[in-house]
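**Student:** Going by this note's numbering, the letters in the sequence shown line up with residues 302 to 994, in that order.
Where is the CB? At the ideal position from N, CA and C, for every residue including glycine.
Only a predicted model underlies this, so the values are computations on that prediction, with no experimental measurement involved.
Quick one: the structure is below, questions incoming.
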Amino acid sequence: MIINIGTMIGNRYEVVEKVGTGGMADVYRAMDHRLNRYVAVKILKNEYSEDTKFVTKFRQEAQAVACLSHPNVVAVYDVGEEQGMHFIVMEFVEGITLKSYIEKKGKLSVREAVGIGIQIASGLEAAHNSHIIHRDIKPQNILISRDGTAKVTDFGIAKAASSNTITASAMGSVHYISPEQARGGFSDEKSDVYSLGVTMYEMLSGTLPFTGESAVAVALAHIQEEAVPLTAMDATIPKGISDIVAKCMQKKADFRYPTSADLIADLKMFLQDPEGEYGVVKPLYENTDTIFIKPTDVNRIKAASQTTTGDSGMTAAEPEDKKAGEEDSGEVDPKLEKALIGGSIVVAIIIGIVIIYVIGKVFGFWGGASGSTEATPTPEVTSSAASATATPEASDSAQKVTVENVAGMTTEEAKTALSQKGLSNVKVSEQQSDTVSAGKVISTDPEAGTEVEKDAEITLIVSSGTSTVQVPSVASMTVSKAKSTLAAEGFNAVEGSKVYSDTVKAGLVAYSNPKGGAQASKGATITLYISKGPKRTTTTVPDLMGMTKAQAKEALTAKKLVLGSVSTAYSDNVSKNRVCVQSKAEGTEVKTGSTVDITLSLGASKTYSYYSNKVTIDNPFDYESDPSSVFKFVLSQDGKTTTIREVSLSYSDFPYTISDVKGSSASSGEIIVYKDGKRLSSYSVDFRKVADE
């Protein structure tokens, strides 16, 4: 089934635009005509839809998340299959990924990073409580909505933690995977805690803790190396949050936070007391040895390079003892697997070159062995194999290389890959393709696998996109005439929603999507939008969020609306002098001429502390001659008690005054007086809010 703008899925979801693509699926924004809301539709790519393993893995996401209902987890609404196309319908989050947000800002402030970290951990806590492990936590899988809410998405490799077939061979992205995932061992909730720690490290520093020239190098770094402490990266980062992140990223899972709830508790406490001590790792044993990677761990990491892969990218050969119908236990992330295979190929080539060089030096193919040839007699070579090695044909063969398979790469990526093989004489030829995206390599001439001389000319056949034809203009036509006109050009026409139009009579075609004059693939679906006539009395409120005052006024004027009052407020999520609040929500239907008030951001909000008013303690002594006693004053507020002070006082010290005690909020509290360990009396106390400097 071909997906185009206007395609109806399940007679309910109308595709509006493509918003992203992943390893196995494409994501579209669509209109749910039954509930009149935008949704995100994830559609399994055609090349995987016939593979039962990929279909199972794809449907896993819906099964894993369908049972979750949490503000920090992207909701799943529907799952289905139509004409061999498998899809999941999810909540559409209007915003950006955390990865894009980090790249845009460079790095986040400590308060913002901790706030986002708490939200992610809250979403993970909900998943873990339902026995679901995400296994691929990374900034790319965290969406930040316009109101600043962080939502965990893409449970594509998650499985129920109670499943008997779980192993951590279901690896996430290599820069964020835990050591146990890199080794191919068992992964659990603490694996997600590790990946969240890496994510928080990147939020706070703007860099990844481990990098390398290959996926294997990065995976080994997760197992062997210690990340540079955040405090060493940036002296302004508090030690408390640096220690919390370090505890999340402990090599041994038992040294990390046992649950997301424990991590949340420390993060919240850090916000209240940044100078406190956090992230203390309690060793399981005294004198624990240094962790070294075992050879078996390296073999596990590189195991992917020893399997044969089929066209779909899945492992072609399954273990012989795998039972029929047994649930797939998860597989190495395809990108990591390709990187591991590529790394192994490079190693094999280097070893081959070294062997050829050594043999050549021994038999004198490279100009004789070093040293005096007169003092050392040369042995007579009678072996036919050795003789053949010295022939000119063998020397020419050593200059030949195999053309690498670069299909699917961009032109620059393909040129780089070929150049690394010694093939620098590369030409480019474009060709239309209905299966390969524009700008990607279709094939090479000579084809991949062919042995050629290093100076041979290699032609990259690059896709220029699908063959297209011009969409005829059908505006102001009757629906039947518009359909016949489009059919004559090879298009499939469907009726979309009805729309208001100031220029087209009701019942006629207002416009099409794609519009007349645009280029579209033959056989593409063209959506016809039918006019309801002019909309004279009402209009819809536009989205003003993030606009300047001038932009907001212009947008309202275009909708025949009036800008009302303009106020200001602090916002942690919207830049200064940009709209952070609008009085009427986007899409609200109102009368033309209505006013819409806006609030402009003053930037990030200030922080506040709370201090008590003065409290006078009455004299508890009966006589001036009474001996002094030990008095303890305890603050009780918001269900918590804190000792303010403990002093020895006598008759002359009273009445005793207590003031400016730091509280946790603006709510009222109580000061309890203890004399010689016994409760004596209590006094109510109010708190005032003071802006921090």
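DSSP puts I999 in a beta bridge; with which residues?
**Tutor:** Limits of the chain in this structure are 302 at one end and 994 at the other, which puts residue 999 out of reach.
**Student:** Can you give me the Cβ contacts of D746 inside the same chain, cut-off strictly under 7 Å, excluding the 5 residues immediately before and after it?
**Tutor:** For D746, where only same-chain residues beyond five positions count, the Cβ hits under 7 Å are T760 and I762.
**Student:** So, are the CB atoms of G847 and S866 less than 9 Å apart?
**Tutor:** No, the Cβ-Cβ distance between G847 and S866 is not below 9 Å.
**Student:** What are the start and end residues of the alpha helix (DSSP H) that includes K806?
**Tutor:** Careful: K806 lies outside any alpha helix (DSSP H) and carries neither H nor E.
**Student:** Using a 10 Å radius around the Cβ and a threshold of 16 neighbouring Cβ atoms, would you call A533 buried or exposed?
**Tutor:** Answer is exposed; the Cβ neighbour count stays below 16.
**Student:** Who are the Cβ neighbours of I827 in its own chain at under 6 Å, not counting the five residues just before and after it?
**Tutor:** Cβ neighbours of I827 beyond the five flanking positions: L787, F792, A794 and S813.
**Student:** Using the Cα positions of K346 and A331, report the straight-line distance between them to the nearest angstrom.
**Tutor:** When rounded, the distance between both Cα atoms is 17 Å.
**Student:** Take the Cβ of D263 as the centre, count every other Cβ of all protein chains shown within 10 Å, and call the residue buried at 16 or more, exposed below.
**Tutor:** Since the first and last residues shown for the chain are 302 and 994, residue 263 lies out of range.
**Student:** Can you say whether G321 is buried or exposed, counting buried as having 16 or more other CB atoms within 10 angstroms of its CB?
**Tutor:** Exposed: under 16 other Cβ atoms inside 10 Å.
**Student:** Taking only the alpha-carbon atoms, compute the straight-line gap between K915 and S969 and give it to the nearest angstrom.
**Tutor:** For K915 and S969, the distance between alpha carbons rounds to 13 Å.
**Student:** Ignoring anything shorter than 3 residues, give me the beta strand (DSSP E) runs that lie fully in the region 388-471, in order along the chain.
**Tutor:** Taking only runs of at least 3 residues, the beta strand (DSSP E) segments lying wholly in the region 388-471 are 396-398, 443-446 and 451-453.
**Student:** With distances taken Cα to Cα, identify the nearest neighbour of R879 among T849, K861 and A886.
**Tutor:** Nearest C-alpha to R879: T849.
**Student:** Counting only the same chain and skipping the five closest in sequence on each side, list residues whose C-beta sits under 6 Å from that of L724.
**Tutor:** If we look at L724 and ignore the five residues flanking it on each side, its Cβ neighbours are I759.
**Student:** Are L505 and D535 close, meaning C-beta to C-beta below 9 Å?
**Tutor:** Yes, these two residues count as a Cβ contact at 9 Å.
**Student:** Going by DSSP in three states, T674 sits in which element: helix, strand or coil?
**Tutor:** Low local confidence applies: a pLDDT of 36 at T674 is under 50, so the model's placement there is unreliable, with the coordinate-based value given in what follows. DSSP places T674 in coil when its eight states are reduced to three.
**Student:** Is it the case that the Cβ atoms of D493 and I438 are separated by a distance below 9 Å?
**Tutor:** Yes, the pair counts as a contact, with Cβ atoms nearer than the cut-off.
**Student:** Only counting runs of 4 or more residues, tell me where the alpha helix (DSSP H) segments fall wholly within the region 812-865, in order along the chain.
**Tutor:** Segments of the alpha helix (DSSP H) lying fully in the region 812-865: 850-859.
**Student:** Can you round the beta-carbon distance between S515 and S496 to whole angstroms, since I take them to be within the 8 Å contact cut?
**Tutor:** With 8 Å as the limit, S515 and S496 do not qualify as a contact, their Cβ atoms being about 20 Å apart.
**Student:** Can you tell me which of the three DSSP states I759 falls into?
**Tutor:** Strand, per DSSP.
**Student:** What does DSSP give as the partner residue(s) for D333 in the beta ladder?
**Tutor:** The partner list for D333 (beta bridge, DSSP) reads Y314 and R338.
**Student:** Between which two residues does the beta strand (DSSP E) containing V702 stretch?
**Tutor:** Residues K701 to T703.
**Student:** Quick one: Cα of K491 to Cα of T896, how far?
**Tutor:** Each residue's Cα considered, the two are about 52 Å apart.
**Student:** For G498 and T717, what's the separation of their Cα atoms in angstroms?
**Tutor:** If you take the alpha carbons of G498 and T717, they lie about 34 Å apart.
**Student:** Roughly how many angstroms lie between the CA atoms of Q361 and D555, to the nearest whole one?
**Tutor:** The alpha-carbon atoms of Q361 and D555 are separated by roughly 28 Å.
**Student:** On a Cα-Cα basis, can you pick out the residue from I389, Y952 and T943 that is closest to V962?
**Tutor:** Cα-wise, what sits closest to V962 is T943.
**Student:** Can you give me the Cβ contacts of Y957 inside the same chain, cut-off strictly under 7 Å, excluding the 5 residues immediately before and after it?
**Tutor:** If we look at Y957 and ignore the five residues flanking it on each side, its Cβ neighbours are I918 and L950.
**Student:** For my contact list, A776 and A811 are in at a C-beta cut-off of 8 Å; report their separation, rounded to the angstrom.
**Tutor:** That pair is a contact at about 7 Å.
**Student:** Mapping the DSSP letters down to three states, classify D993 as helix, strand or coil.
**Tutor:** Correct three-state label for D993: coil.
**Student:** Assign R436 to one of two classes, buried (16 or more other C-beta atoms within 10 Å of its C-beta) or exposed (fewer than that).
**Tutor:** Classification for R436: buried.
**Student:** Return the CA-CA distance between S350 and E526, expressed in angstroms with no decimal places.
**Tutor:** Between S350 and E526, the C-alpha separation is close to 40 Å.
**Student:** So S561 and H429 are supposed to be a Cβ contact under 8 Å. How far apart are they, rounded?
**Tutor:** Correct: roughly 6 Å between the Cβ atoms.
**Student:** So the candidates are E971, V340 and D954; which of them puts its Cα closest to the Cα of K941?
**Tutor:** For K941, the nearest C-alpha among the options comes from E971.
**Student:** Indicate the three-state DSSP secondary structure (helix, strand or coil) for A554 in the structure shown.
**Tutor:** A554 falls in the helix class under three-state DSSP.
**Student:** When the Cα atoms are used, what is the spatial distance from P773 to G818?
**Tutor:** P773 and G818: Cα-Cα distance of roughly 6 Å.
**Student:** Once the 5 residues before and after R557 are set aside, which same chain residues still bring their CB inside 7 Å of it?
**Tutor:** The answer, listed in chain order, is K491, V494, Y495, K548, C549 and Q551.
**Student:** Whose C-beta lies closer than 7 Å to the C-beta of L444 among residues of the same chain, with five residues either side of it excluded?
**Tutor:** Counting only Cβ-Cβ distances below 7 Å, and skipping sequence neighbours, we find V375, V394, G396, T398, K452 and T454.
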